[in-house]
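Residue numbers (this note's numbering): 1390 to 2222.
Glycine is no exception: its CB is placed at the ideal position from the N, C-alpha and C atoms.
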């Protein structure tokens, strides 16, 4: 709401109405009544009314002479003349005190309006007829009523007009404004009306000239009364000041007395320890709280010096502080101070010392104040410990370890002989323990591992738990490099012993990355990065290993990071191709199916081997979109190839990573691809590795059973290279077992090393499984497998992997011909498929 516009609008409205009232009075002005006496009356009103006021002591109001003269004019000369005189008097008064012209004319209009309302009220009361106020010639009762109507009406209209203006201008409630500033002005109007009535009665009996003669007397009395009131007010003020001063003196005297009593009481019963100590260091006075804090009786303390119960290593710093205080260099000193309690325990205090007087004076002493903060200090230490230590194992956490590592690196930069090494320890397959035995057993295992790691360390070393199943050991100082490897070996030996967890024997192992900090490791983050790289290299080396970091690992890690980025982009841009290697019946020589193999040709690095990008995709979670891409592409392309040659019996084999079984929507994903590509489920074979059974046992079995119900065959790929277990061969819905190339490659030209392959083939036949041998690269291997009644095989001797178009030509050319002879040079080493 715009109060400024409302205020101006209100003032203009009052100005308009007041001007109308003034115009009406000017039109009806009885000029015949204007005589010399009126001129004297008007001059007195204008000349004296603006400054002749008296403030009533202790009341927010004034008595003004102008109100008396205007009321007198109304009674003697009628309404129009009184309205005009009130407006003129308001103009001269406002012009003298107001700077804004609009305010001047507002005041003029307000006086004209209020006086007009008074005349109107008299008319409505029957007290004003034919331009004259009648009752002043009649009885006293009517005359008093007339004066009351004049005073009340003038008071109400004037104060309402003024208070509305103030409330709008100051944005305050109208009622509060009128009540606080204007209600007391009624006395002014009442006195003015009474004074005008008295003068009219005098004029009625003695003539108007007598009234004029009384003006100087009235003014003199008025001024004398104002001086009297000022003197009265001054006397009252002086009396009040004298009374106030006497009261202040009494209060100060009482306060001083009470202060002394409070000081004695406060010293004796203060909740903090207070003591007076001489310049020589002896206790002069002690209170009860100080005795409680230190555990001594007052007599015992007074016979001792203040440093007697301090820790010896703290005395020097404390004496330096007190020396600075007594030398005037500091006004006081505060610090946390340790004391030895009489019982021998440590008491922490907030210690404050100040001088009791001028330090340059020989008589000045020291005031000791001690507040017991032992509980607070213990809580702080507990919080500090919780913030820097692992809650489960009690080992230092990452925050404290990184702080210690930074300190060690700083020291090594200052001292070339100071060495820093770290061991990054990551537990192998800890998730299996958690998932199979529960988190409670997992926590107990972590506690047991933490204890064994402490036993493997040197005394100055620190072992920390970074989180989860990761631990870190910091070795610093002067030592031989071999000692770091010995620590890792001790840890590996400790892990060969089982952990007894509530009667449950649990074995664990750890992969350890070792880093010896060099000038290349400027920060703790550099150290952690390379130690982590070494640890992952240990995991890739077969787990339960320790590997020492070298710079080649860092280069390889950077390349792996770049390769991960490129792998992500390659999947998004469909840069992968799928090649297909035929699978042959070793009995008839016919092509039974094809295996889909993912291929990635990097725009800069060239051909990237699957052994490199498949593990990377599994580590980064990209195996899901990659597997979906390969399956979709293979079903689409082989579907067209099979339609071209009109063969319905050939099978398509596609590999599934064990990591893909972590996603709950794997089965639906496969169904959607088959529906979208219209590839028959009965012509699809999914190859899994033995790891699936151990990583995702129940989930994998449930998913594979569902896929088998759809008509999809399930093959075990790379059999014998993982956690071989006959139990899962029975539980899983398998149709084929594929012998890994590592076993086939053992078969020599002389037919040696075939017994292991014979055992695998015999076991598969006993379980009702078909057998496919992978990696057939020599005729000796092929002949041996035929002799062992191996049903199917694949390898570079038979056919290399090829694209979809090349496969189409190959199938058309081969028809039902026997297994083709190789038309290319057999490599010296088996090629990764």
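query                                                                                                                                                                                               : result
When the Cα of residue 1539 is compared with those of 1582, 1826, 1926, which residue comes out closest?                                                                                            : 1582
Using 10 angstroms around the beta-carbon of residue 1704, count the other beta-carbons present and answer buried if the total reaches 16, otherwise exposed.                                       : exposed
Looking at the strands, I want to know which residues DSSP matches up with residue 1935.                                                                                                            : 1901
Determine, using beta carbons only, whether residue 2181 and residue 1974 come nearer to each other than 7 Å.                                                                                       : yes
Is DSSP giving residue 1977 helix, strand or coil here?                                                                                                                                             : coil
Give the C-beta separation of residue 1900 and residue 1872 to the nearest angstrom, bearing in mind that I take them to be a contact with Cβ-Cβ under 8 Å.                                         : Actually they do not touch by this definition, with Cβ atoms about 20 Å apart.
Look up residue 1451 in the DSSP assignment and say whether it is helix, strand or coil.                                                                                                            : Low per-residue confidence applies at residue 1451: pLDDT is 48, beneath 50, and the placement is therefore not dependable enough to give any value.
Can you tell me whether residue 1396 is buried or exposed, with buried defined as 16 or more other CB within 10 angstroms of its CB?                                                                : buried
Run through DSSP, which three-state label would residue 1725 get?                                                                                                                                   : strand
Please determine, among 2096, 2098, 2102, the residue with the shortest C-alpha to C-alpha distance to residue 2072.                                                                                : 2102
Just to confirm my understanding: we take residue 2051, look at its own chain, exclude 5 residues before and 5 after, and list those with CB closer than 7 Å. What are they?                        : 2085
Rounded to a whole number of angstroms, what is the C-alpha to C-alpha distance between residue 1692 and residue 1731?                                                                              : 15 Å
Give the secondary structure of residue 1895 by DSSP, where H, G and I count as helix, E and B as strand, and everything else as coil.                                                              : strand
Rounded to whole angstroms, what is the Cα-Cα separation between residue 1719 and residue 1801?                                                                                                     : 40 Å
Considering only the beta carbon of each residue, do residue 2309 and residue 2030 sit closer than 7 Å?                                                                                             : Since the first and last residues shown for the chain are 1390 and 2222, residue 2309 lies out of range.
For residue 1986, which of 1980, 1806, 2153, 2184 has the nearest alpha-carbon?                                                                                                                     : 2184
Out of 1700, 1672, 1701, 1697, state which residue places its alpha-carbon closest to the alpha-carbon of residue 1687.                                                                             : 1672
Tell me the DSSP bridge mates of residue 1744?                                                                                                                                                      : 1755
Secondary structure at residue 1643, three-state DSSP: helix, strand or coil?                                                                                                                       : helix
Does the beta-carbon of residue 1482 have 16 or more other beta-carbons within 10 angstroms, so that it is buried, or is it exposed?                                                                : buried
Please check the pair residue 2120 and residue 2077, which I expect to be a contact at CB under 8 Å, by giving their CB distance rounded to whole angstroms.                                        : Between residue 2077 and residue 2120 the Cβ distance is about 13 Å, and since that is not below 8 Å, they are no contact.
Determine, using beta-carbon pairs with one atom in the stretch 1778-1787 and one in the stretch 1876-1893, whether at least three such pairs fall under 8 Å.                                       : no
Between the stretch 1493-1507 and the stretch 1528-1537, can you find at least three pairs of beta-carbon atoms closer than 8 Å?                                                                    : no
Taking 7 Å as the cut-off, decide whether the C-beta atoms of residue 2015 and residue 1960 are in contact.                                                                                         : yes
Among residues of its own chain, excluding the 5 on either side of residue 2223, which ones have a beta-carbon nearer than 6 Å to its beta-carbon?                                                  : Any property of residue 2223 remains undetermined from this structure, which presents the chain solely from 1390 to 2222.
Could you check if residue 1392 is buried or exposed, using at least 16 other CB atoms within 10 Å of its CB as the buried criterion?                                                               : exposed
Residues in its own chain within less than 7 Å of residue 1913 by CB, not counting five upstream and five downstream?                                                                               : 1791, 1794, 1795, 1798
Please go through the same chain and pick out, in chain order, the residues whose beta-carbon is closer than 7 Å to the beta-carbon of residue 1932, but skip the five residues on each side of it. : 1817, 1898, 1900
Taking the C-alpha atoms as reference points, what is the distance between residue 1428 and residue 1546?                                                                                           : 27 Å
Measuring alpha carbon to alpha carbon, tell me which residue in 2133, 1843, 1431, 1552 is nearest residue 1785.                                                                                    : 1843
Please state whether DSSP places residue 1971 in a helix, a strand or coil.                                                                                                                         : strand
Count the other CB atoms within 10 Å of the CB of residue 2040; is the residue buried (16 or more) or exposed (fewer)?                                                                              : buried
With burial defined as no fewer than 16 other Cβ atoms inside 10 Å of the residue's Cβ, what is the status of residue 1405: buried or exposed?                                                      : exposed
Excluding sequence positions up to five away, which residues of its chain have a Cβ less than 6 Å from the Cβ of residue 1963?                                                                      : none
Based on Cα-Cα distance, which residue from 2178, 1689, 2176, 1669 lies nearest to residue 1676?                                                                                                    : 1689
Helix or strand or just coil, what does DSSP make of residue 1853?                                                                                                                                  : strand
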